[in-house]
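Presented below is the structure to which this report refers.
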Amino acid sequence: MGDLVNSFKKATSSSESSSSESTSLINLSNTDIAAGLREALNLGIEDQVNKLTQTDGFYKNDLVKIMLPDELQKVDAGLRKMGLGDLADEGIKVLNRAAEDAVKEATPIFVDAVKDITFNDAKSILLGNDDAATTYLTSKTQTSLYEKFHPVINESFSKVGADKIWSSLISKYNSMPFVSKVNPDLTDYVTTEALDGVYTMIAVEEKEIRGSTAARSTELLQSVFKLQD
Numbered sequence: 001m002g003d004l005v006n007s008f009k010k011a012t013s014s015s016e017s018s019s020s021e022s023t024s025l026i027n028l029s030n031t032d033i034a035a036g037l038r039e040a041l042n043l044g045i046e047d048q049v050n051k052l053t054q055t056d057g058f059y060k061n062d063l064v065k066i067m068l069p070d071e072l073q074k075v076d077a078g079l080r081k082m083g084l085g086d087l088a089d090e091g092i093k094v095l096n097r098a099a100e101d102a103v104k105e106a107t108p109i110f111v112d113a114v115k116d117i118t119f120n121d122a123k124s125i126l127l128g129n130d131d132a133a134t135t136y137l138t139s140k141t142q143t144s145l146y147e148k149f150h151p152v153i154n155e156s157f158s159k160v161g162a163d164k165i166w167s168s169l170i171s172k173y174n175s176m177p178f179v180s181k182v183n184p185d186l187t188d189y190v191t192t193e194a195l196d197g198v199y200t201m202i203a204v205e206e207k208e209i210r211g212s213t214a215a216r217s218t219e220l221l222q223s224v225f226k227l228q229d
């Protein structure tokens, strides 16, 4: 009889706990849910995007490091065969430096996009795919970011000497016998790569928050992402 009573108490306690948690989730308002998503996205921007603005934020991050475009891979290989590996490395570095400069323009645009999240947006993101928040931000910011990044990268190429370095690189390559001459639009290429890097790092943070309860650093984040769980 004692065992039966204890079993009943345990079952009742478990049921009450489950009911309490369910009620807590139901009691989350539309405002809470939207606020939780805004908080998660702002964390992604603060923790990940800002890292990209630091020196070597792109250059020493294998997830986003900008390498040469396909049509210039042969330039890189040719220069290294000629013993000009240091010059080739410097060419890659300045591409990444330009991206690091440009990403400083991103935060205000992301902040505006996050402010505009509605409850319906938040619900779709919360119950969507693992990269739903990143996809949302991409759709809201990609055009604006490209317009901001492009002139900064163009100016950065001049500031860090990329225009001279690449003029030297391509001139040396084009002077080699039996090669096809190359003259790619590096500004457009680096702008696109910088955008990809930004969204890659936001996706990293989103995956962390969705998959790890430890990454949910506030009570609001914990409550909202329980709905997803």
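As numbered in full-length UniProt numbering, residues 1 to 229 make up the sequence shown, in order.
Think of the CB as a built atom: it goes at the ideal place given N, C-alpha and C, for glycine as much as any other residue.
These numbers were taken from a predicted model, which means no experiment stands behind them.
{"query": "Quick one: Cα of Pro151 to Cα of Met67, how far?", "result": "20 Å"}
{"query": "Does the beta-carbon distance from Ala34 to Leu220 come in below 8 Å?", "result": "no"}
{"query": "Reducing DSSP to helix, strand and coil, say where Asn30 ends up.", "result": "helix"}
{"query": "With DSSP as the reference, label Gly57 as helix, strand or coil.", "result": "coil"}
{"query": "With C-beta atoms as the reference, is Ile45 less than 8 Å away from Thr134?", "result": "no"}
{"query": "Taking 8 Å as the threshold, find out whether the stretch 101-117 comes into contact with the stretch 205-225 through three or more Cβ pairs.", "result": "no"}
{"query": "Which residue wins for smallest C-alpha separation from Leu87, given the options Phe119, Lys140, Ile209, Ser168?", "result": "Ser168"}
{"query": "Run through DSSP, which three-state label would Thr138 get?", "result": "helix"}
{"query": "Around the Cβ of Gln73, are there at least 16 other Cβ atoms within 10 angstroms (buried) or fewer (exposed)?", "result": "exposed"}
{"query": "So, residue 230 versus Ser223, is the Cβ gap smaller than 8 Å?", "result": "Nothing can be reported for residue 230, as the shown portion of the chain is limited to 1 through 229."}
{"query": "In whole angstroms, what separates the C-alpha of Lys65 from that of Leu227?", "result": "35 Å"}
{"query": "If we call anything under 8 Å between Cβ atoms a contact, is Ala113 one with Leu137?", "result": "yes"}
{"query": "Going by DSSP, what residue range makes up the alpha helix (DSSP H) through Met201?", "result": "186-211"}
{"query": "Along the chain, where does the alpha helix (DSSP H) that runs through Gly128 open and close?", "result": "Element bounds for Gly128: n/a, residue is neither H nor E."}
{"query": "Kindly list the residues whose CB is nearer than 7 Å to the CB of Asp76, restricted to its own chain and excluding five residues on each side of it in sequence; keep chain order.", "result": "Leu68, Ala88"}
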